[in-house]
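J.: Have a look at this one before I ask anything.
There are 2 protein chains.
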Amino acid sequence: MTEAMQQITLAARPVGAPKDSDFALLDAPLPTPKDGEVLVRVHYMSLDPYMRGRMDDAKSYAAPVPIGGVMEAGGVGEVIASKSDAFKVGDMTFGMFGWATHGCLPAKEMRKLDARLPVTTALGVLGMPGFTGWYGLMELGRPKEGETLVVAAATGPVGSMVGQMAKARGLRTIAIAGGADKCKLATEKFGFDAAIDHRAHDDASSLRRALAEVAPKGIDIYFENVGGKVFEAVLPLMNTFGRIPVCGMIAGYNAGALGGNEQSTVPDRLPMLWRSILVKQMSINGFIISNHFDLYPAFLNEVAPLVATGKIEVLEDIAEGLENAPRAFMGLLEGRNVGKQIVKLI
Amino acid sequence: MTEAMQQITLAARPVGAPKDSDFALLDAPLPTPKDGEVLVRVHYMSLDPYMRGRMDDAKSYAAPVPIGGVMEAGGVGEVIASKSDAFKVGDMTFGMFGWATHGCLPAKEMRKLDARLPVTTALGVLGMPGFTGWYGLMELGRPKEGETLVVAAATGPVGSMVGQMAKARGLRTIAIAGGADKCKLATEKFGFDAAIDHRAHDDASSLRRALAEVAPKGIDIYFENVGGKVFEAVLPLMNTFGRIPVCGMIAGYNAGALGGNEQSTVPDRLPMLWRSILVKQMSINGFIISNHFDLYPAFLNEVAPLVATGKIEVLEDIAEGLENAPRAFMGLLEGRNVGKQIVKLI
């Protein structure tokens with residue numbers, strides 16, 4: 001084949017927030033699938049906060065993208081050539097195709113999509129983010145009826161899954177989101193009982209007072225996906241036997257290797273946390289969702305029907321064109337997206 | 347009865363480390379048991395770090411001792427009068443008799459002792475401290491053969507239980523203790539594979555280097571019972587999927603309500619911890635052993651025979667006389683005791 005593909009590579013390691021010059025848009029020859037491989041034209045690619053971590057050359061839970069390497073991403077697309085019995089031309093599939101218009105992967109690294117659902121759901125509500133929310137809540141949060149849950153980035157694909165699943169189990173659900181519009185979405189679209197605009201609060205103390213008002217019985221589960229100010233606001237409100245699943249910290253991603261955090265300037269917080277863990281008998285569990293894919297089928301079994309019937313609401317923010325992926329990604333890290341950030345490629 | 351008893355009350359709330367004038371030794375009339383109650387002459391009372399917390403008027407997991415109130419403690423002794431069918435005069439029993447030569451409690455709040463074992467074991471290795479070590483290790487530490495465990499205060503009744511149970515399950519066990527003599531006890535009496543004298547290390551970095559040498563495969567379980575410098579030394583050495591049961595922090599007890607910690611003066615440690623929890627997918631669980639007494643019979647079933655046959659070693663440090671309890675307690679908080687601190691009362 002002589003058709004070309006386009007891809008975005010990491011041109012430089014960002015210092016703090018990524019900028020245009022950290023990315024390069026390049027043409028590349030379209031690969032030819034080898035035995036067992038499948039060539040896919042990507043229709044939609046996913047943008048997720050974890051990608052910021054891959055841009056740093058720091059020890060983390062996954063290897064960094066090398067300079068000049070294609071940025072990593074999941075995508076959904078259509079098979080255009082197949083050297084595998086598992087896929088035929090025209091099949092719709094999910095795979096880690098990267099920031100690219102096309103991808104060529106072994107068939108066993110791809111997953112055929114359920115044709116009854118919109119393909120983009122495989123990137124958000126039924127993909128890694130939705131599964132992250134479901135796993136963290138159900139396995140580590142252990143929700144019980146009548147309890148109170150707080151989650152930040154509540155209109156995103158992780159937070160909205162957490163909130164909706166918890167609400168369905170009879171918990172009081174409190175959203176933290178950036179801006180009045182997102183707060184409105186949180187309560188009206190995703191059914192949160194209350195929503196707090198973190199931008200309306202300059203510091204953790206102010207945010208804590210607002211939380212205390214809407215969580216009069218304290219907080220039993222704080223689903224941690226942002227870190228920083230929200231965590232500091234939440235900690236003193238946690239109830240005995242509170243659970244904190246920790247799945248990611250978007251607030252720290254731009255701050256470099258060790259996740260520095262502009263909010264944490266008071267030296268006595270670590271012992272305060274440590275004492276809280278003891279006195280409140282809390283359970284704090286970090287998890288990386290890629291180590292739990294054994295439960296992905298159980299997740300799909302439970303949640304796909306809820307999405308199909310509209311019992312789980314979906315919100316997507318779709319940018320157009322691979323060339324706009326870097327800007328969409330920068331916006332994601334700043335919370336400018338509304339819902340799951342996706343890039344439409346064709 | 348006109349016989350008198352002696353008791354020690356809280357005369358003043360300590361500021362930092364307790365001193366003599368924070369305690370008062372008083373005579374009191376011997377109580378007469380009411381229906382269902384039992385009067386006990388206490389032979390041995392227990393001194394434990396948690397008692398320091400009870401001396402502060404701060405929100406914690408148990409109410410503070412009021413000024414003028416009798417200091418709280420478990421004790422073992424002999425029934426000298428009984429208005430309960432459950433106990434007869436001469437029975438040996440455990441109860442929360444306080445810092446006192448005698449105690450009068452409802453029979454249902456006491457536990458008859460196994461006559462085949464020395465009575466003091468009910469205060470240490472088979473009492474609350476031993477149970478704390480067993481529960482935290484087995485339920486929250488989830489030890490697996492070949493893993494590496496670190497515990498501080500390793501010659502104390504919690505740490506020595508943790509180390510011996512872990513060693514029996516095929517873990518590499520590393521003791522942290524204060525002074526060369528305790529290090530020798532840790533390896534020779536309790537079978538730890540290595541022991542590190544924390545007093546030989548001025549800061550967490552130095553302690554960390556020493557730990558790294560004896561834990562070449564990293565640390566899978568850190569049983570947290572002291573806090574402070576040890577935790578900071580351990581954290582960067584924790585392996586992926588590491589577990590940290592948190593049962594108490596003697597290092598912080600003297601520092602006041604919120605557990606201030608003289609070692610934590612660097613502002614970026616909280617985000618570092620938070621990021622470690624995520625990246626290493628750690629599980630951190632605080633627990634207060636009094637909420638888990640449903641498992642106490644299982645603990646006794648497993649561990650009492652091991653103590654009886656000498657498979658679990660016991661080390662006790664016995665002070666003489668109620669009047670010496672305050673000094674023994676101050677010594678305990680400074681680590682001057684060697685083994686489980688007990689006070690002999692008759």
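Sequences listed follow chains A and B, in order.
According to the numbering used here, the stretch in the first sequence is residues 1 to 346, in order.
According to the numbering used here, the stretch in the second sequence is residues 347 to 692, in order.
Where a beta carbon is used, it is the ideal one built from N, C-alpha and C, also for glycine.
1) Are the C-beta atoms of Gln687/B and some chain A residue less than 8 Å apart?
2) To which residues does DSSP link Ala541/B through a beta bridge?
3) With a 10 Å radius around its C-beta and 16 neighbouring C-beta atoms as the bar for buried, classify Lys458/B as buried or exposed.
4) If you draw a straight line from the C-alpha of Gly479/B to the C-alpha of Lys657/B, how long is it?
5) Leaving out five residues before and five after Thr101/A in sequence, what residues of the same chain have Cβ atoms less than 8 Å from its Cβ?
6) How would you write the range of the alpha helix (DSSP H) that Arg52/A sits in, first residue to last?
7) Is the stretch 151-159 of chain A touching the stretch 296-303 of chain A in the sense that three or more CB pairs, one from each, lie closer than 8 Å?
8) Three Cβ pairs or more, each shorter than 8 Å: is that satisfied between the stretch 467-487 of chain B and the stretch 553-562 of chain B?
9) How long is the line joining the alpha carbons of Arg275/A and Ile221/A, rounded to whole angstroms?
10) In this structure, how does DSSP classify Leu126/A when only helix, strand and coil are distinguished?
11) Spell out the partners DSSP gives Lys344/A in its beta bridges.
12) Any heavy atom of the ligand ZN within a distance shorter than 7 Å of the CB on Ala58/A?
13) Under 7 Å Cβ to Cβ from Arg515/B, same chain only, skipping five residues before and after it: list those, please.
14) Count the other C-beta atoms from every protein chain shown that fall within 10 angstroms of the C-beta of Met401/B, then say buried if there are 16 or more, exposed otherwise.
15) Name, please, each residue of chain A whose Cβ falls closer than 7 Å to the Cβ of Ser629/B.
16) Buried or exposed for Glu37/A, please, with buried defined as at least 16 other CB atoms from any protein chain shown within 10 angstroms of its CB.
17) Only counting the same chain, and skipping five residues up and downstream in sequence, which positions put a Cβ closer than 6 Å to that of Ala24/A?
18) Taking three-plus beta-carbon pairs below 8 Å as touching, is the stretch 571-589 of chain B in contact with the stretch 618-638 of chain B?
19) Please tell me whether Glu680/B has its Cβ less than 8 Å away from any Cβ of chain A.
20) Which whole-angstrom value describes the C-beta separation of Val471/B and Val653/B, a residue pair presumed to lie in contact below a C-beta threshold of 8 Å?
21) In chain A, which residues lie with their C-beta within 8 Å of the C-beta of Val592/B?
22) Mapping DSSP to helix, strand and coil, what is Gln352/B?
23) Taking the alpha carbon of Glu455/B as the reference point, which residue from Ala432/B, Val497/B, Ala674/B has its own alpha carbon closest?
24) Quick check on the burial criterion: 16 or more other C-beta atoms within 10 angstroms. Buried or exposed for Ser290/A?
25) Would you report the Cα separation of Gly606/B and Gly163/A, rounded to the nearest angstrom?
26) Give me the chain A residues within the contact set of Gly473/B, using Cβ-Cβ distance strictly less than 8 Å, ordered along the chain.
27) What residues of chain B sit near Ile221/A, judged by a beta carbon separation below 9 Å?
28) Around the Cβ of Ile688/B, are there at least 16 other Cβ atoms within 10 angstroms (buried) or fewer (exposed)?
29) Quick one: measure Cβ to Cβ for Ile623/B and Val246/A, integer angstroms, because I've assumed they're closer than 8 Å.
30) For Asn637/B, return the contacting residues in chain A, with the cut-off set at a CB-CB distance below 8 Å.
31) For Ile590/B, tell me which candidate among Leu207/A, Leu237/A, Gly286/A, Glu316/A has the shortest Cα-Cα distance.
32) Return the chain-ordered ranges of every beta strand (DSSP E) run that is complete within the stretch 437-482 of chain B and spans a minimum of 3 residues.
33) Using a Cβ-Cβ distance under 8 Å, would Gly606/B count as near chain A?
34) State yes or no: is the beta carbon of Lys318/A nearer than 8 Å to at least one beta carbon in chain B?
35) By Cβ distance, which residues of its chain are closer than 8 Å to Asn324/A, with the 5 residues on each side in sequence left out?
36) Can you list, in chain order, the residues of its chain whose CB lies under 6 Å from that of Ser610/B, leaving out five sequence neighbours each side?
T.: For this structure:
1) The residue labelled residue 687/B in the question sits at position 341 within the second sequence. Gln687/B has a beta carbon lying at 8 Å or more from every beta carbon in chain A.
2) One-based indexing of the second sequence puts residue 541/B at position 195. DSSP, once it has assigned bridges, lists Ala521/B as partnering Ala541/B.
3) To locate residue 458/B, count along the second sequence from 1; it is residue 112. Exposed: under 16 other Cβ atoms inside 10 Å.
4) Within the second sequence, residue 479/B is the residue found at index 133, counting from 1. Within the second sequence, residue 657/B is the residue found at index 311, counting from 1. Taking the straight line joining both Cα atoms gives about 16 Å.
5) Indexing the first sequence from 1 puts residue 101/A at position 101. Met5, Gln6, Gln7, Arg41, Val42, Leu322, Leu345, Ile346.
6) The sequence position of residue 52/A within the first sequence is 52, counting from 1. In the DSSP annotation of this structure, the continuous segment of the alpha helix (DSSP H) that includes Arg52/A starts and ends at 50-54.
7) no
8) no
9) Your numbering for residue 275/A matches position 275 in the first sequence. Your numbering for residue 221/A matches position 221 in the first sequence. Answer to the nearest angstrom: the Cα atoms are 18 Å apart.
10) By one-based count along the first sequence, residue 126/A stands at place 126. Coil, per DSSP.
11) Taking the first residue of the first sequence as 1, we reach residue 344/A at position 344. Answer is Tyr44/A, Glu320/A, bridged to Lys344/A.
12) Inclusion of the ligand ZN in the displayed structure is not the case, the ligand content being empty and no account of it being possible.
13) Walking along the second sequence from the start, residue 515/B turns up at place 169. If we look at Arg515/B and ignore the five residues flanking it on each side, its Cβ neighbours are Pro489, Glu491.
14) Translated into the one-based positions of the second sequence, residue 401/B becomes position 55. Result: buried.
15) Reading the second sequence from its first residue, position 283 is the one you call residue 629/B. Per Cβ cutoff of 7 Å: Asn285.
16) Your numbering for residue 37/A matches position 37 in the first sequence. Classification of Glu37/A: buried, given that the 10 Å Cβ count is 16 or more.
17) In the first sequence, residue 24/A corresponds to position 24, counting from 1. Result list for Ala24/A: Thr9, Ala11, in chain order.
18) yes
19) Position 334 of the second sequence holds residue 680/B. Closer than 8 Å: no.
20) Residue 471/B sits at position 125 when you count from the first residue of the second sequence. Residue 653/B sits at position 307 when you count from the first residue of the second sequence. So it is a contact: roughly 6 Å between Cβ atoms.
21) Translated into the one-based positions of the second sequence, residue 592/B becomes position 246. Chain A residues near Val592/B: Trp274, Ile277, Leu278.
22) In the second sequence, counting from the first residue as 1, residue 352/B sits at position 6. Reduced to three states, the DSSP call for Gln352/B is strand.
23) For the purposes of this step, residue 455/B is taken as the residue at position 109 of the second sequence. Nearest of Ala432/B, Val497/B, Ala674/B to Glu455/B, Cα basis: Ala432/B.
24) As a first step, residue 290/A is located in the first sequence; it is residue number 290 there, counting from the start. It is exposed - the Cβ of Ser290/A has fewer than 16 other Cβ atoms within 10 Å.
25) Walking along the second sequence from the start, residue 606/B turns up at place 260. Walking along the first sequence from the start, residue 163/A turns up at place 163. Confidence is the limiting factor: at Gly606/B the pLDDT is only 34, short of 50, which leaves the residue's position unreliable, though a coordinate-based value still follows. Spanning the alpha carbons of Gly606/B and Gly163/A requires a straight line of approximately 35 Å.
26) Here residue 473/B is taken as the residue at index 127 of the second sequence, counted from 1. Correct list: empty, because the minimum Cβ distance to chain A is about 20 Å.
27) Counting from 1 along the first sequence, the entry for residue 221/A is found at position 221. Within 9 Å Cβ-Cβ: nothing; Ile221/A doesn't reach chain B, min ~15 Å.
28) Numbered from its first residue, the second sequence carries residue 688/B at position 342. Buried.
29) Within the second sequence, residue 623/B is the residue found at index 277, counting from 1. Within the first sequence, residue 246/A is the residue found at index 246, counting from 1. Rounded, the Cβ-Cβ distance is 5 Å, consistent with contact.
30) Position 291 of the second sequence holds residue 637/B. The contacting residues are Gln281.
31) Start at 1 with the first residue of the second sequence, and residue 590/B comes out as number 244. Answer by Cα proximity: Gly286/A.
32) Annotation note: the stretch 437-482 of chain B contains the following uninterrupted beta strand (DSSP E) runs of length 3 or greater, listed N- to C-terminal: 438-441, 448-452.
33) Locating residue 606/B in the second sequence gives position 260, counting from the first residue. Residue placement at Gly606/B is poorly supported in this model, since its pLDDT is 34, which falls under 50; the coordinates are not used for a value here.
34) Walking along the first sequence from the start, residue 318/A turns up at place 318. This sequence places Ile at residue 318/A; Lys is not what is there. No - not a single Cβ of chain B is within 8 Å of the one on Ile318/A.
35) Sequence index remark: in the first sequence, residue 324/A carries index 324 (1-based). Closer than 8 Å at the Cβ level, and outside the excluded window around Asn324/A, lie Val343.
36) Within the second sequence, residue 610/B is the residue found at index 264, counting from 1. Because Ser610/B sits at a pLDDT of 37, beneath the cut-off of 50, its placement in the model cannot be relied upon, and the following sentence gives the value as read from the coordinates. So the list is empty, once near-sequence residues are dropped.
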